[in-house]
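A.B. asks: The structure is given below, and queries will be raised subsequently.
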Amino acid sequence: MGKHITKARSAAIFLRKVIIVQKVSDNERSEYALFAQGEYRAKG
Numbered sequence: 001m002g003k004h005i006t007k008a009r010s011a012a013i014f015l016r017k018v019i020i021v022q023k024v025s026d027n028e029r030s031e032y033a034l035f036a037q038g039e040y041r042a043k044g
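Spelled out as structure tokens, the structure:
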């Protein structure tokens, strides 16, 4: 019983980490897209 609880808890922590990583990568992607647009405008 105790082992099952810790496994579920570690799975929840792992999922939370994955979600945080996905959010960060989304933010970086949108920032990069804005940066690329700015560079494109500067060249044009």
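Under our numbering, the letters of the sequence shown match residues 1 to 44, in that order. Glycine included, each C-beta is placed from N, C-alpha and C at the ideal position.
Please report the distance separating the alpha-carbon of glutamate 28 from that of valine 21.
C.D. replies: On the sequence shown, residue 28 is found 28 positions in, with the first residue counted as 1. On the sequence shown, residue 21 is found 21 positions in, with the first residue counted as 1. Using only the alpha carbons, I get a separation of about 11 Å.
A.B. asks: Using the C-alpha atoms, what's the distance from tyrosine 40 back to tyrosine 32?
C.D. replies: Your numbering for residue 32 matches position 32 in the sequence shown. Your numbering for residue 40 matches position 40 in the sequence shown. C-alpha separation (whole angstroms): 12 Å.
A.B. asks: Give me the Cα-Cα distance between lysine 3 and isoleucine 13, rounded to the nearest whole angstrom.
C.D. replies: Sequence index remark: in the sequence shown, residue 3 carries index 3 (1-based). Sequence index remark: in the sequence shown, residue 13 carries index 13 (1-based). Lysine 3 and isoleucine 13 have their C-alpha atoms roughly 15 Å apart.
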